[in-house]
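Number of protein chains: 2
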Amino acid sequence: MNLKELAQHLNLSQTTVSRALNGYPEVSEQTRRRVDEVARRVGYQPNPHAMRLATGRSHAIGHVLPSDKMLLIDPHFSDFIAGAGDVYSENGFDVMLHAGGSEAEESVYRRYAQSGAVDGVVIMGPRLNDWRIDLLTELALPFIVHGRVGQRDEGYAWLDIDNRGAFRAATKLLTDLGHRRIGLVNAMEIFTFAAHRRQGYEDALIAAGLKLDPAIVTNDPMTEENGYRQAKRLLTMGERPTALVFSSMLFISGAIRAAHELGLTIGRDVSLIAHDDGLPFLNAEGLVPTLTTVRSSIRAAGSRVAELLIGMINDTESAQPHELWKVDLIVRDSTGPAPRL
Amino acid sequence: MNLKELAQHLNLSQTTVSRALNGYPEVSEQTRRRVDEVARRVGYQPNPHAMRLATGRSHAIGHVLPSDKMLLIDPHFSDFIAGAGDVYSENGFDVMLHAGGSEAEESVYRRYAQSGAVDGVVIMGPRLNDWRIDLLTELALPFIVHGRVGQRDEGYAWLDIDNRGAFRAATKLLTDLGHRRIGLVNAMEIFTFAAHRRQGYEDALIAAGLKLDPAIVTNDPMTEENGYRQAKRLLTMGERPTALVFSSMLFISGAIRAAHELGLTIGRDVSLIAHDDGLPFLNAEGLVPTLTTVRSSIRAAGSRVAELLIGMINDTESAQPHELWKVDLIVRDSTGPAPRL
DNA sequence: GATTTTTCCCAAAGCGCTTTGATGAAATGT
DNA sequence: ACATTTCATCAAAGCGCTTTGGGAAAAATC
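Those protein sequences? They're chains P and U, same order as listed. Just so you know, we're using this note's numbering here: the first sequence kicks off at 371 and counts up by one. Just so you know, we're using this note's numbering here: the second sequence kicks off at 371 and counts up by one.
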């Protein structure tokens with residue numbers, strides 16, 4: 371059943387039916403109700419392709435996964451998209467996902483912009499000085515960044531969590547507990563969030579009058595194995611750290627394993643804090659001892675990012691949104707006073 | 371730049387240009403080359419919406435994440451889609467993702483079928499007697515299942531791994547090593563794969579002349595915490611299992627933690643085997659001791675599923691593909707002879 | 001009561017492609 | 001040399017919607 375048939379069925383013109391359905395004012399309440407009712411009864415669904423062609427709007431949001439094969443497929447993505455997906459479908463938007471393939475990432479964006487395949491895109495996992503920002507600005511394709519690019523906070527829409535503040539708070543908790551030597555197991559610092567976290571960590575060390583030691587700061591892809599390897603290395607070095615801060619829960623299982631293996635009791639011999647994105651398969655509260663974390667739901671961020679982007683698309687004149695979310699420090703049992711070594 | 375302009379530019383009709391671009395035979399080699407060349411030079415990109423409207427084909431594949439909020443967002447999804455995404459984009463297909471929202475999952479499929487928004491869908495995480503199979507069959511929307519529905523293997527396209535064989539082999543390894551009491555930490559058995567895995571486990575126990583004990587088989591969502599909880603429970607019960615088989619690597623970190631806590635040495639006091647989907651953040655080889663696994667790359671499965679579905683879409687007459695992948699048993703250090711208790 | 005405005009609806013054009021049916025020109029057959 | 005087939009191209013219709021530009025009837029204004 372298409373619009374034409376529906377219109378015939380109703381003894382109305384396509385114009386009127388279309389307008390009734392789309393809530394335009396040039397149609398009486400009475401006929402609108404009649405149209406709605408009949409449309410629902412016969413199960414009329416407008417053809418999305420025709421709509422898109424006619425309006426030039428796709429009602430779709432693009433998500434392009436970096437094709438960089440060196441980087442791990444990120445389990446955070448599922449959660450982010452779950453949050454965003456809710457909002458998209460409430461608002462009648464589809465999500466168009468591009469993952470890998472031989473086509474260069476850049477040309478995917480160019481194609482999107484040029485063909486109108488999507489009305490906007492979200493940039494995930496921004497890098498320091500990310501090229502995608504300049505490209506999308508040039509292409510005039512609406513976009514929002516989950517995170518920031520580091521160099522500047524103006525000129526593009528973003529939603530970020532206060533990584534720096536979070537890691538400052540986490541590290542300060544440790545210095546307040548008397549720890550003087552604190553390691554940071556960080557993600558790769560090509561990512562802005564990792565750079566910010568290191569800054570926060572350094573802020574707190576400096577505030578506590580401690581000196582920075584690059585030897586106890588590491589940068590690796592976020593895997594269980596790297597968590598283990600680095601924790602083990604750090605905890606066995608001469609003048610070992612008494613506390614470790616982790617950039618991801620993905621590191622944590624490995625780190626706990628390392629501590630156990632070394633016979634160190636967590637919360638007493640060594641304190642651990644991790645950033646927790648709220649991944650559902652890895653619960654900080656379920657660990658023994660329960661894990662002190664800085665926590666911010668990546669899923670919630672996904673929802674909000676989607677909301678903001680849709681807002682930008684619907685109202686082109688609106689100001690570029692910038693949202694910095696504060697992060698909760700949740701003190702549990704994995705942190706305690708610094709031990710005597 | 372649209373087709374009309376391009377045609378004018380070339381002094382040809384739209385028809386000819388369209389045909390040249392799409393490789394139809396009714397156009398001379400010479401003009402085809404000229405058209406291709408100019409199209410490339412001016413950066414012509416056909417408008418996808420117009421193409422879709424005209425052809426009625428969307429060149430898009432739908433993935434609908436179950437909206438069942440009780441189930442965890444699955445980190446396996448990222449990996450599966452990474453594999454599939456490669457193939458999709460090589461073949462010029464987009465992926466349309468639907469995640470959550472208030473719209474009932476069923477009506478999403480109905481809408482897809484009715485509006486032609488996608489040319490086919492892939493069903494992930496099939497349940498026993500999954501309703502989606504009947505629905506999609508009725509809707510005549512091409513689809514392929516990653517997994518099976520349990521009751522029947524005919525009447526729908528699928529690619530599955532041999533979960534039953536894998537868990538039979540894993541469990542047999544343990545019985546061969548002299549283990550007489552083997553626990554299974556399984557996923558929720560609403561999922562077919564979990565049911566199959568239990569069957570394989572039972573096959574091997576029966577073959578070894580052991581009796582089945584429901585008390586040492588568990589079903590939980592796949593999380594670190596559940597791995598810990600169940601491993602701890604099983605390993606502290608009277609007449610404890612000397613070996614545990616896990617349905618997912620997500621359980622494993624928790625299980626290792628439990629074993630450590632109980633002072634049990636893995637590979638000696640207790641043997642562990644897990645199914646490994648090849649999630650990049652959780653590497654069986656990186657564990658200490660290295661973990662014996664049954665392994666099958668979910669990413670590779672994603673690629674192949676995509677290939678098969680595209681094949682079905684391009685050739686409607688082709689036979690329904692059924693692929694059962696065998697799973698590798700990789701013996702490492704977490705399994706050893708049964709201990710004397 | 002005549003004029004203006006508002007209300008409600010319509011016909012037709014247009015979005016950018018594909019595809020059908022037709023048409024000359026060139027090649028082939030007899 | 002003429003009929004027939006093949007080749008290469010084109011004009012125009014169509015996909016299913018939105019939107020522009022009217023226009024008749026009803027309501028409001030003077």
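All residues carry an ideal CB built from backbone N, CA and C; glycine is no exception.
Does the Cβ of residue i have 16 or more other Cβ atoms within 10 Å, making it buried, or fewer, making it exposed?
i	result
residue 534 (chain U)	buried
residue 600 (chain U)	buried
residue 448 (chain P)	buried
residue 312 (chain U)	Shown here, chain U extends from 371 to 711; a query on residue 312 (chain U) therefore has no answer.
residue 510 (chain P)	exposed
residue 472 (chain P)	exposed
residue 653 (chain P)	buried
residue 445 (chain U)	buried
residue 638 (chain P)	exposed
residue 685 (chain U)	exposed
residue 394 (chain U)	exposed
residue 412 (chain P)	exposed
residue 607 (chain U)	exposed
residue 508 (chain U)	exposed
residue 595 (chain P)	buried
residue 577 (chain U)	exposed
Which residue wins for smallest C-alpha separation from residue i, given the options the options?
i	options	result
residue 494 (chain P)	P:561, P:487, P:580, P:477	P:561
residue 430 (chain P)	P:665, P:564, P:489	P:489
residue 636 (chain U)	U:386, U:404, U:709, U:378	U:709
residue 554 (chain P)	P:651, P:510, P:622, P:497	P:622
residue 658 (chain P)	P:626, P:479, P:538	P:626
residue 579 (chain P)	P:603, P:552, P:558	P:552
residue 483 (chain P)	P:513, P:472, P:455	P:513
residue 409 (chain P)	P:438, P:379, P:399	P:379
residue 698 (chain P)	P:682, P:706, P:648	P:648
residue 437 (chain P)	P:593, P:492, P:428, P:478	P:478
residue 435 (chain P)	U:455, U:402, U:428	U:455
residue 476 (chain P)	P:464, P:491, P:462	P:491
residue 583 (chain P)	P:683, P:515, P:611	P:611
residue 529 (chain U)	U:670, U:470, U:702, U:386	U:670
residue 640 (chain U)	U:655, U:602, U:595	U:602
residue 414 (chain P)	U:480, U:428, U:701	U:480
residue 646 (chain U)	U:485, U:609, U:700	U:700
residue 644 (chain U)	U:632, U:631, U:556	U:556
residue 474 (chain U)	P:459, P:402, P:682, P:631	P:459
residue 715 (chain U)	U:598, U:499, U:531, U:573	Coverage of chain U is limited to positions 371 through 711, which leaves residue 715 (chain U) absent and any answer about it impossible.
List, in order along the chain, the chain P residues whose C-beta lies closer than 7 angstroms to that of residue i?
i	result
residue 513 (chain U)	None at all; the shortest Cβ gap to chain P is about 18 angstroms.
residue 444 (chain U)	448
residue 470 (chain U)	452, 455, 456, 459
At a CB-CB cut-off below 7 angstroms, which residues of chain U make contact with residue i?
i	result
residue 464 (chain P)	466
residue 422 (chain P)	419
residue 620 (chain P)	651
residue 626 (chain P)	627
residue 481 (chain P)	415
residue 645 (chain P)	By Cβ distance, chain U contributes nothing, its closest Cβ being about 15 angstroms from residue 645 (chain P), past 7 angstroms.
Since residue i and residue j should fall inside the 8 angstroms C-beta cutoff, what is the C-beta to C-beta distance between them, to a whole number of angstroms?
i	j	result
residue 605 (chain P)	residue 628 (chain P)	6 angstroms
residue 517 (chain U)	residue 563 (chain U)	6 angstroms
residue 537 (chain U)	residue 567 (chain U)	4 angstroms
residue 384 (chain U)	residue 390 (chain U)	Actually they are not in contact, since the Cβ atoms of residue 384 (chain U) and residue 390 (chain U) sit about 11 angstroms apart, beyond 8 angstroms.
residue 372 (chain U)	residue 680 (chain U)	Wrong, their Cβ atoms sit about 28 angstroms apart, outside the cutoff.
residue 593 (chain P)	residue 570 (chain P)	About 23 angstroms; that fails the 8 angstroms criterion.
residue 433 (chain P)	residue 465 (chain P)	6 angstroms
Which bits of chain P does residue i rub up against, with CB to CB less than 9 angstroms?
i	result
residue 592 (chain U)	651
residue 497 (chain U)	Ordered by position in chain P, no residue passes the 9 angstroms Cβ test against residue 497 (chain U), which lies about 19 angstroms from the chain.
residue 598 (chain U)	656, 657, 658
List the residues of chain U that residue i touches, going by C-beta distances under 9 angstroms, in chain order.
i	result
residue 486 (chain P)	417, 418, 419
residue 428 (chain P)	418, 419
residue 489 (chain P)	Correct list: empty, because the minimum Cβ distance to chain U is about 12 angstroms.
residue 435 (chain P)	448, 451, 452, 455
residue 516 (chain P)	Ordered by position in chain U, no residue passes the 9 angstroms Cβ test against residue 516 (chain P), which lies about 15 angstroms from the chain.
Who are the neighbours of residue i on chain P, taking C-beta pairs under 8 angstroms?
i	result
residue 553 (chain U)	Those within 8 angstroms of residue 553 (chain U) in chain P number zero; the least Cβ separation is about 20 angstroms.
Any 3 or more C-beta pairs closer than 8 angstroms across the segment 541-559 of chain P and the segment 511-528 of chain P: These segments do not touch.
Say whether the segment 615-623 of chain P touches the segment 674-681 of chain U, bearing in mind that this needs 3 or more beta-carbon pairs closer than 8 angstroms, one atom from each stretch. Judged by Cβ distances under 8 angstroms, the segment 615-623 of chain P makes no contact with the segment 674-681 of chain U, as fewer than three pairs qualify.
If we count Cβ pairs, one from each stretch, closer than 8 angstroms, do we get three or more for the segment 410-427 of chain U versus the segment 415-429 of chain P? At 8 angstroms Cβ cutoff, the stretches touch.
For the structure I just gave you, are there three or more beta carbon pairs, one from the segment 658-670 of chain U and one from the segment 501-510 of chain U, closer than 8 angstroms? The segment 658-670 of chain U, when compared against the segment 501-510 of chain U, does not touch it at the 8 angstroms Cβ threshold.
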